[in-house]
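Note sheet for the following structure.
Protein chains: 2
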Amino acid sequence: MISWLSPSELETALRDIGGRRYHSLHPFHGMLHGGKLNRDQVRAWALNRYYYQAMIPVKDAMILTRMNDASLRRIWRQRIVDHDGTSEGDGGLERWLQLTDSLGFPRDYVISNAGLLPATRFAVEAYVNFVRDRPLLEAIASSLTELFSPNIISERVAGMLKSYDFVSRETLAYFDGRLSQASRDADFALEYVKHNATTPQLQQSVLDALTFKCDVLWSLLDAIHHAYVSPGLPPPGAWIPGAELRS
Amino acid sequence: MISWLSPSELETALRDIGGRRYHSLHPFHGMLHGGKLNRDQVRAWALNRYYYQAMIPVKDAMILTRMNDASLRRIWRQRIVDHDGTSEGDGGLERWLQLTDSLGFPRDYVISNAGLLPATRFAVEAYVNFVRDRPLLEAIASSLTELFSPNIISERVAGMLKSYDFVSRETLAYFDGRLSQASRDADFALEYVKHNATTPQLQQSVLDALTFKCDVLWSLLDAIHHAYVSPGLPPPGAWIPGAELRS
């Protein structure tokens, strides 16, 4: 068990977890933005990552169910608006589907999750279950990977635009909105956590929650890397190039 | 949706899933029993697989909570007895710990799950959640991977004994009991499923449950293979050789 940390020491400890465990350190991230992947490997990433995106508003709705304070819910619900948009054809999820469109996937196939890696499903469901089952403080703390996402988004967009002729500023539009949204969301969650993690036990639980979430994101890249890059062994039933046209 | 199958056609369809998706087809299995792994890779397997073993009686207890028929529960509870034993030092879980003992792991370390791959945790938890959340028929059907386990156990024990000087008949004692237990358990579950899956919808749900369970087992080997064999990239915080002595 850690000893009590001041709020700013807690922030330092949280940022240190990101510095050691955030998926920007995963070899797949380097390959993705460094132009080392072929188009089908980028497609596998976009397809599997869709399921994570699709469950984010479900995860945030789950967090809303844990909040019995209208002022908190008013702030948190903005995350759902960001992902789901205000009308058909709007929102972050739609923009992710524009990316999978541009990579040649039929929408029905993407939305069906038919070709998803089972490990993607298990990791994302672990995240949704975590925010359902753990105390609200931990559920909020698990969102703090967004503290580290502006950097990874900038690297990813710049690198992908430079490296791949099959992506464009337009097809990567998802990330434009996320830069400002993630900073705003992370600032709020960080202040909440610093204010409410008032004992060493609660502070440890907050650090553990962020570690857990880093594990989720890392596992997603592990699964994609294993199935489609090295050694490149998709499990039975998972998407292989062309499967999206036969289903 | 499938059309209605006779009970024996349903059995054939279930066995066909095993023939295509059971983890005996995973490259890691071939390497394990073919003597292609080094001791640390076998250790990684035993360590991660412990968590699966440890959650099996929890999974079976969850299934008991879904059964409102004493005669069914009397049969199913034997699975918990087999894993937990009738006294300290007895049972399948204890025998698995004798395997991890013989591979040089402190018991406390194994039981703590401190070095577990996150993907192992997520897959095993997905299995426990499945039997909690799905209809009893599907929960029982998900156990049907045991139909295929006598073959894999025979291959594994014979191959490991032949290939590795660091395992012995005694340290593999876990598998001795499982040969007869798995056949008995699978026979019962198969008859239950054949008798109760009386519509095409229920039959499809049973086939899907077995597919799901094959995905769980395959994911476990994927995660171990990725972290410790190829490319060999353990995620941050996961066991690396020696970590069990420093914790």
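Protein chains in written order, with my numbering: chain D, 18 to 264; chain A, 18 to 264. Ideal placement from N, C-alpha and C gives every residue a C-beta, glycine not left out. Because the structure is a prediction, the values reported are computed rather than measured.
**OP:** Indicate whether at least one CB of chain D lies closer than 7 Å to the CB of A/Pro-135.
**Re:** Looking up residue 135 of chain A in the second sequence gives position 118. So, interface residue.
Original post:
Could you give the C-beta distance for A/Trp-235 and D/Pro-135, rounded to a whole number, given that I count them as a contact under 8 Å?
Top reply: Locating residue 235 of chain A in the second sequence gives position 218, counting from the first residue. Locating residue 135 of chain D in the first sequence gives position 118, counting from the first residue. So it is a contact: roughly 7 Å between Cβ atoms.
**OP:** Indicate the three-state DSSP secondary structure (helix, strand or coil) for A/Ala-214 in the structure shown.
**Re:** On the second sequence, residue 214 of chain A is found 197 positions in, with the first residue counted as 1. Three-state result, A/Ala-214: coil.
Subject >> A/Gln-218, buried or exposed, once every other Cβ within 10 Å from all chains shown has been counted against 16 >> reply: By one-based count along the second sequence, residue 218 of chain A stands at place 201. Per the 10 Å Cβ criterion, exposed.
Original post:
Quick one: what's got a C-beta closer than 6 Å to D/Leu-54's C-beta in the same chain, skipping five residues either side?
Top reply: Here residue 54 of chain D refers to the residue found at position 37 of the first sequence. Counting only Cβ-Cβ distances below 6 Å, and skipping sequence neighbours, we find Met-48.
**OP:** Taking C-beta pairs closer than 9 Å, name the residues in chain E that A/Arg-37 reaches, listed in chain order.
**Re:** Looking at the structure shown, chain E is missing, and the protein chains on hand are D and A.
Original post:
Taking the alpha helix (DSSP H) that A/Val-174 falls in, what are its first and last residues?
Top reply: As a working note, residue 174 of chain A is residue 157 in the second sequence. Where A/Val-174 is concerned, the enclosing alpha helix (DSSP H) stretches over 166-180.
**OP:** Output yes if chain D places a C-beta closer than 7 Å to the C-beta of A/Asp-118; else output no.
**Re:** Here the question's residue 118 of chain A lines up with position 101 in the second sequence. Not an interface residue.
Subject >> Under 7 Å between C-beta atoms of A/Asp-99 and A/Gln-198 >> reply: For the purposes of this step, residue 99 of chain A is taken as the residue at position 82 of the second sequence. For the purposes of this step, residue 198 of chain A is taken as the residue at position 181 of the second sequence. A/Asp-99 places its beta carbon less than 7 Å from that of A/Gln-198.
Original post:
With 16 other CB atoms within 10 Å as the buried threshold, where does A/Asn-65 fall?
Top reply: In the second sequence, residue 65 of chain A corresponds to position 48, counting from 1. Buried, by the Cβ-count rule.
Original post:
Taking the Cβ atom as the reference point for each residue, do A/Thr-117 and A/Ala-63 lie within a distance shorter than 7 Å?
Top reply: Position 100 of the second sequence, counted from the start, is the residue given in the question as residue 117 of chain A. Position 46 of the second sequence, counted from the start, is the residue given in the question as residue 63 of chain A. Yes, the pair counts as a contact, with Cβ atoms nearer than the cut-off.
Original post:
Is A/Ser-25 near the ligand HEM, going by C-beta to nearest heavy atom under 6 Å?
Top reply: No copy of the ligand HEM occurs in the structure displayed, which carries no ligand at all.
Original post:
Who are the near neighbours of D/Ser-200 in its chain, counting only those whose CB is closer than 7 Å to its CB and skipping five residues on each side?
Top reply: Counting from one through the first sequence, the residue named residue 200 of chain D turns up at place 183. Within the same chain, D/Ser-200 has close Cβ partners Pro-167.
Original post:
Can you list, in chain order, the stretches of the alpha helix (DSSP H) that have 4 or more residues and sit fully within the segment 94-153 of chain D?
Top reply: 109-119, 124-129 and 135-150
Original post:
Is there a Cβ from chain A that is less than 7 Å from the Cβ of D/Phe-139?
Top reply: Counting from 1 along the first sequence, the entry for residue 139 of chain D is found at position 122. Yes, its Cβ sits closer than 7 Å to a Cβ of chain A.
Subject >> Through-space distance from D/Ser-23 to A/Tyr-262, alpha-carbon basis >> reply: Here residue 262 of chain A corresponds to residue number 245 of the second sequence, with the count starting at 1. Here residue 23 of chain D corresponds to residue number 6 of the first sequence, with the count starting at 1. The sequence given here places Leu at residue 262 of chain A; Tyr does not occur at that position. Spanning the two alpha carbons is a distance of roughly 32 Å.
Original post:
DSSP state of D/Lys-230, grouped into three classes?
Top reply: As a working mapping, residue 230 of chain D is identified with position 213 in the first sequence. Correct three-state label for D/Lys-230: helix.
Subject >> N- and C-terminal bounds of the alpha helix (DSSP H) containing A/Ser-20 >> reply: For the purposes of this step, residue 20 of chain A is taken as the residue at position 3 of the second sequence. Careful: A/Ser-20 lies outside any alpha helix (DSSP H) and carries neither H nor E.
Original post:
Is D/His-43 helix, strand or coil when you go by DSSP?
Top reply: Counting from 1 along the first sequence, the entry for residue 43 of chain D is found at position 26. D/His-43: coil per DSSP, three-state reduction.
Subject >> Contacting residues, own chain, Cβ-Cβ under 8 Å from A/Arg-124 (five flanking each side not counted) >> reply: As a first step, residue 124 of chain A must be located in the second sequence, where it is residue number 107. Only Leu-114, Thr-117 and Asp-118 meet the Cβ criterion.
Original post:
Between the C-alpha atoms of A/Leu-189 and D/Asn-146, what's the straight-line distance to the nearest angstrom?
Top reply: Here residue 189 of chain A is taken as the residue at index 172 of the second sequence, counted from 1. Here residue 146 of chain D is taken as the residue at index 129 of the first sequence, counted from 1. Using only the alpha carbons, I get a separation of about 35 Å.
**OP:** Let me know if D/Phe-336 comes out buried or exposed under the rule of 16 or more other beta-carbons within 10 Å of its beta-carbon.
**Re:** As displayed, chain D neither begins before 18 nor continues past 264, which places residue 336 of chain D out of reach and without an answer.
Original post:
By a C-beta neighbour count over all protein chains shown, 10 Å radius and 16 as the cutoff for buried, is A/His-212 buried or exposed?
Top reply: Within the second sequence, numbered from 1, the residue matching residue 212 of chain A stands at position 195. By the Cβ neighbour-count rule, A/His-212 is exposed, with fewer than 16 other Cβ atoms within 10 Å of its own.
Original post:
Taking the continuous alpha helix (DSSP H) assigned at A/Asp-57, which residues delimit it?
Top reply: For the purposes of this step, residue 57 of chain A is taken as residue 40 along the second sequence, with counting starting at 1. Here the alpha helix (DSSP H) through A/Asp-57 covers 56-83.
**OP:** Answer yes or no: do D/Ile-157 and D/Ala-206 have a C-beta to C-beta separation smaller than 7 Å?
**Re:** As a working note, residue 157 of chain D is residue 140 in the first sequence. As a working note, residue 206 of chain D is residue 189 in the first sequence. Cβ distance < 7 Å, so D/Ile-157 and D/Ala-206 count as in contact.
**OP:** With distances taken Cα to Cα, identify the nearest neighbour of D/Ala-79 among D/Ile-170, D/Arg-195, D/Arg-151 and D/Asp-239.
**Re:** Working through the first sequence from its first residue, we reach residue 79 of chain D at position 62. Here residue 79 of chain D turns out to be Met, not Ala, going by the sequence shown. Closest option to D/Met-79, Cα to Cα, is D/Arg-151.
Original post:
So, D/Val-141 versus D/Tyr-68, is the Cβ gap smaller than 7 Å?
Top reply: For the purposes of this step, residue 141 of chain D is taken as the residue at position 124 of the first sequence. For the purposes of this step, residue 68 of chain D is taken as the residue at position 51 of the first sequence. Contact flag set, yes.
Original post:
Where does A/Arg-112 land, buried or exposed, given buried means 16+ other C-beta within 10 angstroms?
Top reply: Taking the second sequence and counting its residues from 1, one reaches residue 112 of chain A at position 95. The residue is buried, with at least 16 neighbouring Cβ atoms inside 10 Å.
Original post:
Is there contact here, the segment 85-100 of chain A with the segment 164-178 of chain A, by at least three beta-carbon pairs under 8 Å?
Top reply: Look at the beta carbons and you see the segment 85-100 of chain A not touching the segment 164-178 of chain A: under three pairs across the two are nearer than 8 Å.
Original post:
What is the C-beta distance between A/Gly-51 and A/Gly-176, in whole angstroms, given that I count them as a contact (C-beta under 8 Å)?
Top reply: The residue given as residue 51 of chain A occupies position 34 in the second sequence. The residue given as residue 176 of chain A occupies position 159 in the second sequence. Indeed they touch by this definition, with Cβ atoms about 6 Å apart.
Subject >> Identity of the residue in A/Asn-130, A/Trp-256 and A/Phe-192 nearest A/Val-174 by Cα >> reply: The residue labelled residue 174 of chain A in the question sits at position 157 within the second sequence. Ranking the options by Cα distance to A/Val-174, first place goes to A/Phe-192.
Subject >> Where A/Ser-197 falls: helix, strand or coil (DSSP) >> reply: Here residue 197 of chain A corresponds to residue number 180 of the second sequence, with the count starting at 1. Helix, per DSSP.
**OP:** With 9 Å as the C-beta to C-beta threshold (strictly closer), list the residues of the segment 61-78 of chain A near chain D in chain order.
**Re:** none
**OP:** Could you check which residue in A/Arg-37, A/Ser-41, A/Glu-187 and A/Trp-21 has the C-alpha nearest to that of A/Leu-237?
**Re:** Within the second sequence, residue 237 of chain A is the residue found at index 220, counting from 1. Out of A/Arg-37, A/Ser-41, A/Glu-187 and A/Trp-21, A/Ser-41 has the C-alpha closest to the C-alpha of A/Leu-237.
Original post:
Can you tell which of D/Leu-110, D/Arg-60, D/Leu-154 and D/Leu-31 has the C-alpha that lies nearest to the C-alpha of D/Asn-85?
Top reply: Here residue 85 of chain D refers to the residue found at position 68 when the first sequence is read from its first residue. That would be D/Leu-154, whose Cα lies nearest to the Cα of D/Asn-85.
**OP:** Could you tell me whether any Cβ in chain A is nearer than 7 Å to the Cβ of D/Ala-143?
**Re:** Residue mapping note: residue 143 of chain D aligns to position 126 of the first sequence, counting from 1. Yes, because at least one Cβ of chain A sits closer than 7 Å to the Cβ of D/Ala-143.
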